[in-house]
Amino acid sequence: MRPELTLPAPRRTAGFSLVELLVVIAIIAILLAVMAPSARSIQRLTQMNVCKNNLHAIGRAAAQYAAENDCHVPRDAWDTSQPGHYLFAGCFMKYTHNIPLTPAQTQTWSEMYKVLKGAAPIYRCPSVTDLDHVLTYVINAVNFETFMTGGGYQSPLPVRLTHLPDSPGAIGYIVEGNEKLLPVSYFGYHDVWHTSHMTFVGTTPQTSPRSIHADDMRHEGKTTVVFFDGHCEDRNLTPHDFPVTLFNPLHTAYAPN
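The sequence shown: position 206 = 203 (the numbering used here), numbered continuously.
What follows is the structure, given as structure tokens:
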């Protein structure tokens, strides 16, 4: 009797079935949805750290500038129509980028824009969305002498650190600017010399300050402040941490409680 032939079972072809493929796609989609917020948080944290490092570098540059200029530091940002007014970024390029500039260059905004555009972006917060911005930090330009004599506000010439109304380590010097207000290549808004330019007046947030807006969440509601002595501190964007007296300690009517 002839033995029966046993046919081998048909082999399953390699690859995924449609159901398996859909399951894999669904798992990948779930993983991406879970990971996306973490990736955004990591990106924001990285940008915040870069911004802080920028301001620390600018603070060191301010201290070096003061040491070489008889304790004077630049204040407001005007062009050649206002002799003696120099853009602080131009004054500090020697220390942040090893690029010494002439007074004429620091007073000519078109020249300054080209210099800053071609240099490492130390004067730009990486969280600012418009890449054409080259300077996103603003300077305290309160004229303390005018305020002491008349109680008013006016932009000043450079000031000597020994002539400040309080310790250089107690007065804010350079802060982040209002991203939505600052022009790209016009630097006339890069100085804070009036209460209307400040983030808060009393407990009231300003609608269009030159300094960082109270609702700015680039750094989770925080910012870094460079003080006149060059040191830096992290501050919350609250009336208590970011008051008028941070810029002008003489304006005690707006002192934090």
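Each residue gets a CB set at the ideal place from its N, CA and C atoms; glycine is no exception.
| Backbone CA spacing between H237 and T201 [nearest angstrom] | Near 11 angstroms, if we compare the C-alpha coordinates of T201 and H237.
| field | K177 (DSSP reduced to helix, strand or coil) | value | Collapsing the DSSP output to three states places K177 in coil.
| query | Is C88 helix, strand or coil when you go by DSSP? | reply | The answer is helix: DSSP assigns C88 an H, G or I state.
| Using the rule of at least 16 other Cβ atoms within 10 Å of the residue's Cβ for burial, across every protein chain shown, is A117 buried or exposed? | Flag for A117 reads exposed.
| query | Name the DSSP bridge partner or partners of T99? | reply | For T99, which the question treats as bridged, DSSP gives no partner whatsoever.
| Residue nearest to K49 in terms of C-alpha spacing, selected from D231, A60 and T235 | The shortest C-alpha to C-alpha distance from K49 to any of D231, A60 and T235 is the one to D231.
| message | I need the straight-line Cα distance from V125 to L178, nearest angstrom please. | response | Roughly 12 angstroms separates the two Cα atoms.
| message | Since F141 and L247 should fall inside the 8 angstroms C-beta cutoff, what is the C-beta to C-beta distance between them, to a whole number of angstroms? | response | With a beta-carbon spacing of about 6 angstroms, F141 and L247 fall inside the 8 angstroms limit used to define contacts.
| Based on the DSSP output, what are the partners of Y150 in its beta bridges? | Under DSSP, no beta-bridge partner is assigned to Y150.
| message | Going by C-alpha to C-alpha distance, which of V135, H228, R207 and W190 sits closest to S164? | response | For the residues V135, H228, R207 and W190, the minimum Cα distance to S164 belongs to H228.
| said: If you follow the alpha helix (DSSP H) that F244 is in, where does it begin and where does it stop? | reply: Residues V241 to F244.
| said: Can you look up C122 in the DSSP assignment and give me helix, strand or coil? | reply: The answer is coil: DSSP assigns C122 none of H, G, I, E or B.
| Three or more C-beta pairs closer than 8 angstroms, one from the stretch 103 to 119 and one from the stretch 147 to 161: is that the case here? | Verdict: no, contact absent.
| task | Could you check if D129 is buried or exposed, using at least 16 other CB atoms within 10 Å of its CB as the buried criterion? | result | Per the 10 Å Cβ criterion, exposed.
| request: Find out if the Cβ-Cβ distance for the pair V112, H187 is shorter than 7 angstroms. | output: No. Outside cutoff.
| request: For the alpha helix (DSSP H) containing E108, list its first residue and its last residue. | output: It spans W106 to K114 - the alpha helix (DSSP H) in which E108 sits, taken as one unbroken run.
| query | Buried or exposed: which applies to E173, given that a residue is buried once 16 or more other Cβ atoms fall within 10 Å of its Cβ? | reply | Buried, because 16 or more other Cβ atoms sit within 10 Å of the Cβ of E173.
| field | Residues that DSSP places opposite I171 in a beta bridge | value | As computed with DSSP, I171 is found in a beta bridge with I136 and V223.
| query | Could you check where the beta strand (DSSP E) with C229 kicks off and where it finishes? | reply | That run of the beta strand (DSSP E) goes C229 to N233.
| Identify the residues that DSSP records as bridge partners of F197: which are they? | Answer is P202, bridged to F197.
| query | Do you know how far the Cα of E65 is from the Cα of R57? | reply | Whole-angstrom Cα-Cα distance: 13 angstroms.
| message | Distance check for N137 and R72, CA to CA, integer angstroms please. | response | Looking at the two C-alpha atoms, the distance is approximately 7 angstroms.
| request: May I have the straight-line CA-CA distance separating A30 from A23, to the nearest angstrom? | output: Taking the straight line joining both Cα atoms gives about 11 angstroms.
| Which whole-angstrom value is the C-beta distance of V70 and A59, which I expect to be below 8 angstroms? | Correct: roughly 6 angstroms between the Cβ atoms.
| request: Reducing DSSP to helix, strand and coil, say where H53 ends up. | output: In the structure shown, the three-state DSSP call for H53 is helix.
| query | Would you call the CB atoms of V223 and I171 closer than 7 angstroms? | reply | Yes; because the gap between Cβ atoms is below 7 angstroms, this pair is in contact.
| query | When the Cα atoms are used, what is the spatial distance from D213 to F244? | reply | The straight-line gap separating the alpha-carbon atoms of D213 and F244 is approximately 19 angstroms.
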